[in-house]
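Below you'll find the structure, written out as structure tokens, and then a few comments.
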Amino acid sequence: MQDQTQPTTPRRTIDIVNASLKKRYARERRFRFMGAAAVTLGLLFVATLFADIALKGYTAFEQTYIQVPVDFDPAIIDPEGTRDPRTLADADYLAVLKASLRKLFPDLTERSQLREVYALVSAGAPQQLQSMVLSHPNVIGTATDVWLIAGGDVDMLVKGNLDRRLPEADRGITDSSIALIDRLAEQGRVEKRFNTGFFTNGTSREPELAGIAGALAGTFYTLVLTLILSFPLGVGAAVYLQEFAPKNRWTDLIEVNINNLAAVPSIVFGLLGLAVFINFFGVPRSTPLVGALVLGLMTLPVIIIASRAALQSVPPSIREAALGVGASPLQTQFHHVLPLAMPGIMTGAIIGMARALGESAPLLMIGMIAFIVDVPKGFTDAATVLPVQIYLWADSPERGFVERTSAAILVLLGFLVLMNLAAVLLRRRFERRW
Amino acid sequence: MSTLASEIVRDTSAITAADLARGGRVSGTIGDITTPDPRMVCRGVNVWYGAKQAIKEVGLDIGKNQVVAMIGPSGCGKSTFLRCLNRMNDTIDGCRVQGSIQLDGQEIYDKRVDPVPLRAQVGMVFQKPNPFPKSIYENVAYGPRIHGLTNSKAELDALVETSLRKAGLWNEVKDRLDQPGTGLSGGQQQRLCIARTIAVSPEVILMDEPCSALDPIATAIIEELIDELREQYAIAIVTHSMQQAARVSQRTAYFHLGDLVEVGETNQIFTNPRHQLTEDYITGRFG
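What follows is the structure, encoded as structure tokens:
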């Protein structure tokens with residue numbers, strides 16, 4: 007058929023186009039499908055990751071409490087009856103607690119059995135009693151029901167993180183302990199409550215007492231200082247390089263180096279901080295101050311690059327307009343160009359800060375990995391930050407730290423999402439069309 | 188020089204044999220480049236962008252109470268010349284200006300001359316309306332404010348009003364001075380830019396194709412405005428529209444490939460051009 011038509015009728019353009027059309031559209035469909043598949047796959051991975059972290063972590067926002075009728079024995083707490091706060095603070099609350107627990111299980115007398123009973127409540131329970139007595143001294147001499155933080159293993163069992171069906175040797179908690187917990191649960195003395203301690207405590211060796219307050223405070227101080235250090239410096243450098251510096255070999259070299267710095271592995275900045283700030287300048291280690299110096303250096307190229315791009319996107323007609331009415335170059339920058347570039351600069355700064363927020367490697371080098379229980383109160387207090395806290399907890403052997411690690415990751419992710427959302431909103435809000 | 192241009196030159200009777208011997212280059216300017224009582228005097232101005240020479244040996248006076256129109260095909264250097272007059276070319280990398288440009292007898296490319304006060308004396312209106320993305324009031328008040336021209340808020344208010352009145356915009360915007368200048372129509376924006384320029388009371392106003400982005404009605408309003416402004420300022424305007432040059436200007440300068448070919452009274456240029464290139468251009472044979 008082809009042989010017959012081809013020589014006789016010359017083919018028109020429209021026929022040639024129509025013949026290839028089907029193939030072209032098929033190609034487009036294939037491309038679209040591949041794009042959609044790529045997006046779906048990516049989202050699937052992210053969703054799996056988030057779901058895994060959330061499933062592991064959400065239990066950490068609850069904490070098991072055990073109700074114990076505590077006998078605030080004046081003979082132990084305040085034998086002289088003076089109610090002197092110092093005496094009350096120094097009293098042996100562990101003894102009070104142990105006596106009360108023994109009374110709760112009168113049938114158990116053997117030393118090993120009692121040890122299991124004592125392990126039902128957290129090692130932080132005596133402090134709980136102490137603070138209770140200090141704030142309400144009139145409880146002394148009474149027997150009051152107190153909800154005490156449960157021990158780590160009890161917490162895990164109640165939340166279902168320890169499997170009862172496993173053989174005793176693999177389980178991490180003894181049959182007799184489970185029996186004790188079940189007895190308490192039958193009496194309604196076991197309860198799960200919202201875990202405020204997770205947000206108000208510093209870290210601890212005991213998972214049930216460990217919280218992120220210290221890491222959050224450290225992160226806050228570090229990031230504030232990072233912003234103060236890197237933002238003005240970065241924006242200033244960008245304005246100079248973009249608007250004032252002559253375009254020559256030196257500025258080209260500087261530009262290449264700034265781009266390189268943005269890609270340098272963060273651990274290198276940590277080593278630099280260790281060598282320069284700590285060893286040479288003697289900045290105290292493990293502090294938000296040195297952390298901010300290192301993170302500031304790391305964020306600087308990001309802010310410079312973003313700011314230069316933002317400045318470049320301000321149309322030259324605005325500069326001409328300002329110069330045309332006789333504004334000096336500096337006035338042109340500060341009255342017109344910078345305000346217009348600000349949303350872009352802020353977006354870059356927020357993204358840079360988000361990167362600093364998630365950074366742990368350089369901080370390991372400058373000692374922010376230290377185990378610090380106290381919540382830092384300033385820029386020169388020893389501190390740690392959230393990502394490093396996560397790293398430390400992930401390394402801890404106790405079962406209870408698994409959920410806390412995931413919960414801390416959730417908090418970190420929450421902050422990251424908030425910051426990136428702010429960047430997007432800022433861009434959306436101030437986006438200007440010319 | 189392109190082949191097209193050299194062909195044109197060969198057609199041209201006004202070109203002497205000596206010009207042709209130099210490779211077809213037009214040299215010298217036909218007509219009177221001077222004017223009595225000039226505000227700006229330019230002699231022998233050469234401009235290079237890097238290695239490329241944009242304008243060659245241009246001399247022109249810009250007189251008081253007069254509109255000088257600069258016409259010519261694209262890339263002929265008329266905008267470049269205009270931008271030399273308030274040193275706007277300083278901001279372009281690799282731009283080099285040579286020759287003498289005087290404002291009221293003062294050499295503006297002298298090392299001691301600061302371009303900032305110069306630009307307050309020689310204002311500029313650009314091709315694309317470029318109001319600041321601020322309120323209408325702020326647009327006009329910005330120049331007087333940075334130069335400290337007024338002593339009180341009331342004085343500034345009055346200055347803003349007179350400037351807007353002179354630009355013929357007052358009645359349209361007096362109720363919404365606090366609204367952004369970018370929200371106005373194209374013609375209004377351009378008049379706002381003119382108001383912004385005259386708010387600093389310059390002596391010379393440079394206009395770089397001020398109507399090329401505007402519709403015919405807005406163009407007519409601006410042209411009328413230019414005619415009124417002539418009473419107080421010296422005006423140099425670059426335009427692509429020969430009709431516009433004929434309507435608003437008293438003198439016309441025709442640029443061709445970096446040369447100032449002919450200068451003369453606008454009437455004479457459009458009715459009786461002396462140079463072949465000028466005639467070809469204004470009769471629409473090219474350009």
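Line order of the protein sequences matches chains A and B.
If you use my numbering, the first sequence corresponds to residues 7 to 440, in order.
If you use my numbering, the second sequence corresponds to residues 188 to 474, in order.
For each residue, glycine too, the CB sits at the ideal point set by N, CA and C.
Note that the coordinates shown come from a computational prediction; the quantities given were computed from them, not determined experimentally.
Assigned exposure category for residue i - 16 Cβ within 10 Å defines buried
| i | result |
| --- | --- |
| Val391 of chain B | buried |
| Arg35 of chain A | exposed |
| Val379 of chain A | exposed |
| Ala32 of chain A | exposed |
| Ala298 of chain A | buried |
| Ser200 of chain B | With a pLDDT of 46 at Ser200 of chain B, under the threshold of 50, the modelled position of this residue cannot be trusted; read the value that follows with caution. Ser200 of chain B comes out exposed. |
| Ser319 of chain A | exposed |
| Gly210 of chain B | Confidence in Gly210 of chain B is poor, its pLDDT being 40 and thus under 50, which makes the residue's placement too unreliable to answer from. |
| Pro223 of chain B | exposed |
| Tyr246 of chain A | exposed |
| Ser118 of chain A | exposed |
| Ser366 of chain A | buried |
| Gln285 of chain B | exposed |
Three-state secondary structure (DSSP) of residue i
| i | result |
| --- | --- |
| Asn233 of chain B | strand |
| Gly264 of chain B | coil |
| Glu116 of chain A | coil |
| Thr216 of chain B | coil |
| Asp79 of chain A | coil |
| Thr124 of chain A | Per the sequence shown, residue 124 of chain A should be read as Tyr rather than Thr. Three-state DSSP puts Tyr124 of chain A in a helix. |
| Gly335 of chain B | coil |
| Ile469 of chain B | helix |
| Pro225 of chain B | strand |
| Asp96 of chain A | helix |
| Glu34 of chain A | helix |
| His427 of chain B | coil |
| Ile323 of chain B | helix |
| Phe421 of chain A | helix |
| Met374 of chain A | coil |
| Asp172 of chain B | No information on residue 172 of chain B is available, as it lies outside the stretch 188 to 474 that chain B covers here. |
| Ser210 of chain A | coil |
| Cys398 of chain B | coil |
| Gly364 of chain A | coil |
| Gly210 of chain B | For Gly210 of chain B, the predicted structure reports a pLDDT of 40, less than 50, and the residue's modelled location is therefore unreliable. The matter cannot be settled from this model. |
| Glu452 of chain B | strand |
| Arg378 of chain B | helix |
| Val279 of chain A | The amino acid occupying residue 279 of chain A in the given sequence is Gly; Val does not appear at that position. Helix. |
| Thr150 of chain A | strand |
| Ser287 of chain B | strand |
| Gln419 of chain B | coil |
| Gly406 of chain A | helix |
| Pro271 of chain A | coil |
| Glu326 of chain A | helix |
Beta-bridge pairing of residue i - partner residues as DSSP gives them
| i | result |
| --- | --- |
| Tyr71 of chain A | A:Ile155, A:Glu197 |
| Gln447 of chain B | According to the sequence as given, residue 447 of chain B is Leu; it is not Gln. B:Phe442, per the DSSP bridge assignment. |
| Met257 of chain B | B:Val425, B:Ala440 |
| Ile242 of chain B | B:Val234 |
Residue i and residue j closer than 8 Å at C-beta
| i | j | result |
| --- | --- | --- |
| Val312 of chain B | Cys380 of chain B | yes |
| Val234 of chain B | Arg283 of chain B | yes |
| Arg417 of chain B | Asn252 of chain B | yes |
| Val196 of chain A | Ile72 of chain A | yes |
| Gly364 of chain A | Pro393 of chain A | yes |
| Ala244 of chain A | Arg314 of chain A | yes |
| Gly157 of chain A | Ala125 of chain A | yes |
| Ile441 of chain B | Val448 of chain B | In the sequence on display, residue 441 of chain B carries Tyr and not Ile. Yes; because the gap between Cβ atoms is below 8 Å, this pair is in contact. |
| Val127 of chain A | Leu154 of chain A | yes |
| Gly350 of chain A | Ala316 of chain A | yes |
| Cys271 of chain B | Val300 of chain B | no |
| Asn317 of chain B | Ser334 of chain A | no |
| Leu168 of chain A | Asp159 of chain A | yes |
Contact test: residue i Cβ vs the ligand HEM heavy atom, cutoff 7 Å
| i | result |
| --- | --- |
| Met40 of chain A | For the structure depicted, the ligand HEM is absent and the ligand set is empty, with no information on it obtainable. |
task: Select from the stretch 330 to 361 of chain A all residues with a C-beta closer than 8 Å to any C-beta belonging to chain B, and list them in chain order.
output: Answer in chain order: Gly330, Val331, Gly332, Ala333, Ser334, Gln337, His341, His342, Leu346.
### Message
Taking beta-carbon pairs under 7 Å, can you tell me which members of the stretch 303 to 334 of chain B lie near chain A?
### Response
Listed by position, the residues of the stretch 303 to 334 of chain B near chain A (Cβ gap below 7 Å) are Val303, Pro304, Arg306, Ala307, Gly310, Met311, Phe313, Lys315, Asn317, Phe319, Pro320, Tyr329, Gly330, Ile333, His334.
Interface residues of the stretch 266 to 284 of chain B facing chain A [CB-CB below 8 Å]: In summary, the residues of the stretch 266 to 284 of chain B whose CB is separated from some CB of chain A by less than 8 Å are Asn273, Met275, Thr278, Asp280, in the order they occur in the chain.
| task | With 9 Å as the limit, tell me which residues of the stretch 223 to 244 of chain B have their beta carbon closer than that to any beta carbon of chain A; keep them in chain order. | result | Taking 9 Å as the cut-off between beta carbons, none of the residues of the stretch 223 to 244 of chain B comes near chain A.
- Query: Residues in the stretch 311 to 322 of chain A with C-beta within 9 Å of chain B's C-beta atoms, listed in sequence order?
  - Reply: Answer set for the stretch 311 to 322 of chain A: Pro321, Pro322.
Check: At a Cβ cut of 7 Å, what residues of the stretch 247 to 259 of chain A count as close to chain B, listed as they run along the chain?
Finding: Hits within the stretch, in order: Lys253.
**Prompt:** the stretch 359 to 378 of chain B: which residues have C-beta closer than 7 Å to a C-beta of chain A, in chain order?
**Reply:** Against chain A - using a Cβ distance shorter than 7 Å - the stretch 359 to 378 of chain B contributes no residues.
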